[in-house]
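A.B. asks: Quick one: this structure, given as structure tokens, is what I'll be asking you about.
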Amino acid sequence: MIEFISQPWPWYVAGPLIGIVVPALFLLGGKQFGISENLRHVCAIIPNKVAFFQYNWKNGLWNMTLILGVVIGGWIGFTLLGNPDPVAISDATRADLTALGVTNFNGLVPSELFSWDNLLSGPGIILIVVGGFLVGFGSRYAGGCTSGHAISGLADLQLPSLIAVLGFFAGGLIATFFLLPMIL
Amino acid sequence: MKTNQQNSFGRLLPYLLIGVYFGIVFTKSEVISWFRIQEMFRFQSFHMYGIIGSAVVVAMISVQVIKRFKLKDMDGDDIVIPPKEMGSGTRYWLGGTIFGLGWALTGACPGPMFALVGNGVTVMLVTILAALAGTFTYGVLRPKLPH
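Residue numbers (the numbering used here), protein chains in the order written: chain A, 342 to 525; chain B, 43 to 189.
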């Protein structure tokens, strides 16, 4: 059993395990699944005068508790159930990334790019800092991220969410095929 | 329900456990991997599409059941699912595209950023701080942006 759960989980196991959280949150306390709301809550905790952050962030404490759990779960998945092998991406992806200069395929992220040592290099600043800024800005502008739009929004058949998800892909394709070759 | 009752330890604990469960699923399914996100945007594997697609199908069926049978939550309150307002639609395509740029660069959307910190990729803390700065900037610019 431990051996089985230590392997990477296939999509048909992981997808339903993620999807079932949407009704679980509704039934537990009428809460809607949306992770990026937490970024807004933290901004609301910090004293400021911006109208968008003037609300009772304590109503979002359930969500911030959830995200704390995600950190703990990540640690458990890594230390207790960790898989020592490189992520089994397709040969085509490996070839493409090698052509871009990625050499180390161990771990969940390329350590040569996502490390403290690389933080202040040109690519490091763009991938780690600019990328994070765009995620934070874009998710709030769009009113949700992968969880809020791609999962709970599409699950509720919301047309705005479908438009947002198409936007996610448009942005992702631009970054993958135009920006990364320039940055790396 | 009052905020202080709502935030007692006993009421928050289930959310902590759901978060832990998520962190494990995110890690074991490798959706938090920059390599997997690259593979997705290059259309070179079904893995991420299968995960997102099957998650949506399971969530969709559940949400339709909740709506059809007007199910209540465990406090006996109605479950309200607010529709998203279309407005001009600008915020969805433009905000979505900006988010997508960041998603492909960092290889992580907001949930996976936190799971990666748990996985020992501590430099993601900087990404989270940058995401907070991005969120704050949106809050400041909000009145001037088309929505």
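Here a beta-carbon is modelled for each residue, glycine too, at the ideal position from N, C-alpha and C.
The structure presented is a predicted model; accordingly, all values stated were derived computationally and were not measured.
Would you please state the rounded distance, in angstroms, between the beta carbons of valine 100/B and proline 357/A? I believe it to be under 8 Å.
C.D. replies: 5 Å
A.B. asks: Relative to the C-alpha of threonine 69/B, which residue among Ile430/A, Val412/A, Phe519/A and Leu454/A is closest?
C.D. replies: The residue with the shortest Cα to Cα distance from threonine 69/B is Val412/A.
A.B. asks: Is there a Cβ from chain B that is less than 9 Å from the Cβ of tyrosine 396/A?
C.D. replies: Residue contact check for tyrosine 396/A against chain B: no CB pair falls below 9 Å.
A.B. asks: Give the secondary structure of aspartate 115/B by DSSP, where H, G and I count as helix, E and B as strand, and everything else as coil.
C.D. replies: If DSSP states are grouped into helix, strand and coil, aspartate 115/B belongs with coil.
A.B. asks: Between Leu55/B, Met128/B and Val107/B, which has its C-alpha nearest glycine 501/A's C-alpha?
C.D. replies: Note that residue 501/A is proline in the sequence shown here, rather than glycine. Ranking Leu55/B, Met128/B and Val107/B by Cα distance to proline 501/A puts Met128/B first.
A.B. asks: What in chain A is Cβ-close to phenylalanine 64/B, meaning under 8 Å?
C.D. replies: Ile359, Val362, Leu407, Gly410, Val411 and Gly414
A.B. asks: Does the Cβ-Cβ distance between tyrosine 482/A and serine 96/B come in under 9 Å?
C.D. replies: no
A.B. asks: Is the Cβ of proline 425/A closer than 9 Å to any Cβ of chain B?
C.D. replies: no
A.B. asks: Could you say which of Trp398/A, Leu495/A and Asn379/A lies nearest to asparagine 49/B if we only look at CA atoms?
C.D. replies: Trp398/A
A.B. asks: Got a sec? Which residues, its chain only, sit under 6 Å from serine 326/A by beta carbon, not counting five neighbours each side?
C.D. replies: Absent from the model: residue 326/A. The displayed extent of chain A is 342 to 525, so no value can be given.
A.B. asks: In the stretch 163–183 of chain B, which residues sit with their C-beta less than 9 Å from some C-beta in chain A, listed in chain order?
C.D. replies: For the stretch 163–183 of chain B, which is checked against every Cβ of chain A, the residues closer than 9 Å are Val163, Thr164, Val165, Met166, Val168, Thr169, Ile170, Leu171, Ala172, Ala173, Leu174, Ala175, Gly176, Thr177, Phe178, Thr179, Tyr180, Gly181, Val182 and Leu183.
A.B. asks: Within 9 Å of any Cβ in chain A, is that where the Cβ of arginine 133/B sits?
C.D. replies: yes
A.B. asks: Just to confirm, is the Cβ distance from serine 104/B to isoleucine 361/A under 9 Å?
C.D. replies: yes
A.B. asks: Within 10 angstroms of the Cβ of valine 471/A, are there 16 or more other Cβ atoms? Answer buried if so, exposed if not.
C.D. replies: buried
A.B. asks: With a cut-off of 9 Å, does the C-beta of phenylalanine 141/B fall near any C-beta of chain A?
C.D. replies: Closer than 9 Å: yes.
A.B. asks: Does glycine 463/A get closer than 9 Å to chain B when you measure Cβ to Cβ?
C.D. replies: no
A.B. asks: Name the chain B residues whose beta carbon is nearer than 7 Å to that of phenylalanine 393/A?
C.D. replies: Gly181 and Arg184
A.B. asks: Does any CB atom of chain B fall closer than 9 Å to the CB of alanine 496/A?
C.D. replies: yes
A.B. asks: Check this for me: beta carbons of aspartate 437/A and glutamine 80/B, under 9 Å apart or not?
C.D. replies: Contact: yes.
A.B. asks: Mind checking which residues open and close the alpha helix (DSSP H) that includes histidine 317/A?
C.D. replies: Lying outside 342 to 525, the shown extent of chain A, residue 317/A is not represented and no answer is given.
A.B. asks: Can you give the Cα-Cα distance for serine 462/A and threonine 164/B, rounded to whole angstroms?
C.D. replies: 17 Å
A.B. asks: Buried or exposed for phenylalanine 111/B, please, with buried defined as at least 16 other CB atoms from any protein chain shown within 10 angstroms of its CB.
C.D. replies: exposed
A.B. asks: What residues in the stretch 48–74 of chain B bring their beta carbon closer than 9 Å to a beta carbon of chain A?
C.D. replies: Contact annotation: in the stretch 48–74 of chain B, residues whose CB is within less than 9 Å of a CB in chain A are Gln48, Asn49, Arg53, Leu54, Leu55, Pro56, Tyr57, Leu58, Leu59, Ile60, Gly61, Val62, Tyr63, Phe64, Gly65, Ile66, Val67, Phe68, Thr69, Lys70, Ser71, Glu72, Val73 and Ile74.
A.B. asks: Closest Cβ-Cβ distance between arginine 110/B and chain A: below 9 Å?
C.D. replies: no
A.B. asks: Go ahead and label tyrosine 57/B buried or exposed: buried means 16 or more other beta carbons lie within 10 angstroms of its beta carbon, across all protein chains shown.
C.D. replies: Label assigned to tyrosine 57/B: buried.
A.B. asks: My understanding is that tryptophan 76/B touches phenylalanine 455/A, with C-beta atoms under 8 Å, so please give their C-beta distance in whole angstroms.
C.D. replies: 7 Å
A.B. asks: Verify whether the separation of the beta carbon atoms of isoleucine 60/B and isoleucine 492/A is less than 9 Å.
C.D. replies: no
A.B. asks: Any chance you could list the alpha helix (DSSP H) runs of at least 4 consecutive residues sitting entirely within the stretch 391–473 of chain A, in chain order?
C.D. replies: 402–420 and 432–440
A.B. asks: Taking Cβ positions only, does alanine 440/A come closer than 9 Å to chain B?
C.D. replies: Not closer than 9 Å to any Cβ of chain B, the Cβ of alanine 440/A fails to qualify, so no.
A.B. asks: Tell me the rounded alpha-carbon separation between phenylalanine 366/A and isoleucine 74/B.
C.D. replies: Per the sequence shown, residue 366/A should be read as leucine rather than phenylalanine. For leucine 366/A and isoleucine 74/B, the distance between alpha carbons rounds to 22 Å.
A.B. asks: What does the Cβ neighbour count give for asparagine 404/A, buried or exposed, with the cut at 16 atoms within 10 Å?
C.D. replies: buried
A.B. asks: Taking the alpha carbon of leucine 143/B as the reference point, which residue from Ala173/B, Tyr63/B, Arg184/B and Pro188/B has its own alpha carbon closest?
C.D. replies: Ala173/B
A.B. asks: Going by alpha carbons, who is nearest to valine 428/A out of Phe178/B, Met90/B and Leu183/B?
C.D. replies: For valine 428/A, the closest of Phe178/B, Met90/B and Leu183/B by C-alpha to C-alpha distance is Met90/B.
A.B. asks: Residues bridged to aspartate 497/A by DSSP?
C.D. replies: According to DSSP, which records beta bridges pairwise, aspartate 497/A is partnered with nothing at all.
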